[in-house]
């Protein structure tokens, strides 16, 4: 396909397939390949604690892609992402837990079983919520999904047979594939190196799937609903159906991300799934760039690395303390940064980190001319 | 019977707090078509200001001062973070207020610190005997204060030029602008009013107890209230607030008999009620139905 194009005319398209292609220019192909090689070789360059953090980033990116599909592509504001993450996390942990343990566990330790199960249960919850979404628009929907977070938190706190109870928690899902543990240190690689590779591969799978969904008939329906739902309805987009699909897919991603998120640290408690978690995911999508997959990934990495960055920056800002009982401390700075970054990006660069990249790219594309 | 009436009275007390908070949300929504998620932070800021002021100037002077201060803070936020976004989708502005909320709350929490702070109210946990039943004085005070403020607000919107301008801007911004109403001033007044109301509501929410960072969750309960009453209805906010307060206290009193629901179920009853009402009436009980033209 790409061979049939004249050289030096990367933007000339002669078929719809070319127009819809994922990597439609040679530059994109080269950059993607280079980025992939770099990402895969990171375990040989970085220390284990950084790799662990990057593994969490990859999982957070899966969740952010999910929220990006429903909020960025379909335009349905959801503050309830923490709820779906929680459902996924507890489904996976409950399935793969120790049957003789303190909390519910069914002993299904294979990731090939609990990961899809977590996604499907969360997707089911998304479908159950969807009737509200199809009846409500805009801010009404935001508040209803915010209510979900509170209801979910209550259930997670009270159902201590499954969740271990507030402040106590339970072990996360077990990483095993076909009877072999995926993340243990052996002669070939350390636990964190393996974790990182695993999460990176999963992120790639989920990201490519989301990108493909976004350029399909369903994805075009999503963007039509986002841009003007009445107009979308008029040209024949079935609004209730596609809003339900958007919530189901988004919740599926959230469920999978929730299931994986705590396997890195190995333990989690019901207090994790609070409104702050939802705000963090909203921040990932908005700071990264709403309506783009690569933006959601960039946002997820940025927000997840933010605590680490503020700790590193603390060395240059001596009046900020690392002790939680002193004012101002890094934890406060970190939380303020979430808020301030959301505001700054929305006011000055609504397209987010992705928009910054587009600006830089366009500048160099036209260089040395300014337009 | 006594138990029922007493929990009803308690409910009216907490309901008044919700009503005041909900009025703030609705005033902002009517003027700017935005739900301000920053209200919880303003409420917390107002309460903390009261705890700092009341030892110095006394409770009765501290509350209006704190309300005015919070109003100014809200004004500043409106000017810097919200005004540049005029004309952008409501959702974007709402998310900005969410960011404001997160940031302001951290600063306010730093002022709370680890001490136990009190608003220094004169009622504490004393009760007011009403025949055979007892009503806590702080709840009675909340009801009275809410009634006075609601009456003042309705008079303000009904009889003053500024109130008329605000009603006009809420009805149709462009038409109001064409008639010489300064819509910018309306935005500013709305935010300041909402900030002041949040400060007063927070004071009553914290009366008789101590102030901590978790108090902001009270303000979030006003969100189901405004959804219940309809986003753009001032009477809906008051009625919804009282209804949610009463229901919450009734559930708190009687839910212990239903063990499987778990403790603290009353905290989420407003949200459950909201879900149920929205399935039946998507625009709340008193909200205006949105008319869609193709």
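Protein chains in written order, with my numbering: chain A, 523 to 893; chain B, 58 to 351.
Beta carbons: idealized from backbone N, C-alpha and C, even for Gly.
| Item | Value |
| --- | --- |
| Identify the continuous beta strand (DSSP E) that holds residue 184 of chain B and give its terminal residues. | 184-187 |
| Using a Cβ-Cβ distance cut-off of 8 angstroms, determine whether residue 246 of chain B contacts chain A. | no |
| For a test of the three-state rule: what should DSSP assign to residue 871 of chain A, helix, strand or coil? | coil |
| Using a Cβ-Cβ cut-off of 8 angstroms, state whether residue 878 of chain A counts as contacting chain B. | no |
| Over what stretch of residues does the alpha helix (DSSP H) that includes residue 223 of chain B continue unbroken? | 218-228 |
| In chain B, which residues lie with their C-beta within 8 angstroms of the C-beta of residue 865 of chain A? | 138, 153, 156, 157, 160 |
| With three or more beta-carbon pairs closer than 8 angstroms as the criterion, would you say the segment 714-730 of chain A touches the segment 826-844 of chain A? | no |
| Name the chain A residues whose beta carbon is nearer than 8 angstroms to that of residue 281 of chain B? | 665, 669 |
| Got a sec? Which residues, its chain only, sit under 7 angstroms from residue 77 of chain B by beta carbon, not counting five neighbours each side? | 203, 206, 254, 257, 258 |
| Go ahead and pull the three-state DSSP assignment for residue 840 of chain A. | coil |
| Rounded to whole angstroms, what's the CA-CA distance from residue 633 of chain A to residue 613 of chain A? Just pull it up for me. | 12 angstroms |
| Shortest alpha-carbon distance to residue 580 of chain A belongs to which of A:816, A:530, A:709? | A:816 |
| Please identify the residue among A:789, A:871, A:695, A:759 whose C-alpha is closest to the C-alpha of residue 778 of chain A. | A:695 |
| What does the alpha-carbon distance come out to for the pair residue 813 of chain A and residue 542 of chain A? | 16 angstroms |
| Using a Cβ-Cβ cut-off of less than 9 angstroms, give me the residues of the segment 280-310 of chain B that come near chain A, in sequence order. | 280, 281, 283, 284, 288 |
| From the DSSP output, read off the bridge partner residues of residue 851 of chain A. | A:843 |
| Would you please verify whether the beta carbon of residue 231 of chain B is less than 8 angstroms from any beta carbon of chain A? | no |
| From the DSSP output, which residues share a beta bridge with residue 698 of chain A? | A:632, A:703 |
| Using a C-beta cutoff of 8 angstroms, does residue 92 of chain B count as contacting chain A? | yes |
| Which value, in whole angstroms, describes the spacing of the CA atoms of residue 567 of chain A and residue 706 of chain A? | 20 angstroms |
| In this structure, does DSSP put residue 621 of chain A in helix, strand or coil? | coil |
| At a CB-CB cut-off below 7 angstroms, which residues of chain A make contact with residue 349 of chain B? | 752 |
| For residue 183 of chain B and residue 323 of chain B, I'd like the C-alpha separation in whole angstroms. | 24 angstroms |
| In or out: residue 311 of chain B buried (at least 16 other Cβ within 10 Å) or exposed? | exposed |
| Which residues does DSSP list as the beta-bridge partners of residue 192 of chain B? | B:185 |
| If contact means a Cβ-Cβ distance below 9 angstroms, which residues of the segment 321-340 of chain B contact chain A? | 321, 322, 324, 325, 327, 328, 329, 331, 332, 335, 336, 339, 340 |
| At a Cβ threshold of 8 angstroms, is residue 836 of chain A touching chain B? | no |
| Between residue 844 of chain A and the rest of its own chain, which residues show a CB-CB distance below 8 angstroms, the 5 nearest in sequence each way excluded? | 833, 836, 851, 852 |
| Give, in chain order, every residue of the segment 670-686 of chain A whose Cβ lies closer than 7 angstroms to some Cβ of chain B. | 672, 673, 676, 680 |
| Would you tell me roughly how many angstroms separate the C-alpha atoms of residue 524 of chain A and residue 783 of chain A, rounded to the nearest one? | The predicted model places residue 524 of chain A with a pLDDT of 47, which falls under 50 and marks its position as unreliable; any figure quoted below should be read in that light. Distance between the alpha carbons of residue 524 of chain A and residue 783 of chain A: 39 angstroms. |
| Residue 99 of chain B by DSSP, collapsed to three states: which one? | helix |
| When you compare each of A:885, A:747, A:703, A:737 to residue 539 of chain A by their alpha carbons, which one comes out closest? | A:737 |
| Nearest CA to the CA of residue 89 of chain B: which residue from B:113, B:211, B:230? | B:230 |
| When the Cα of residue 601 of chain A is compared with those of A:818, A:666, A:684, which residue comes out closest? | A:666 |
| In this structure, how does DSSP classify residue 149 of chain B when only helix, strand and coil are distinguished? | helix |
| Comparing the CB of residue 822 of chain A with every heavy atom of the ligand PLP, is any distance shorter than 7 angstroms? | Summarising the ligand content, the structure contains no ligands, and the ligand PLP is consequently not present. |
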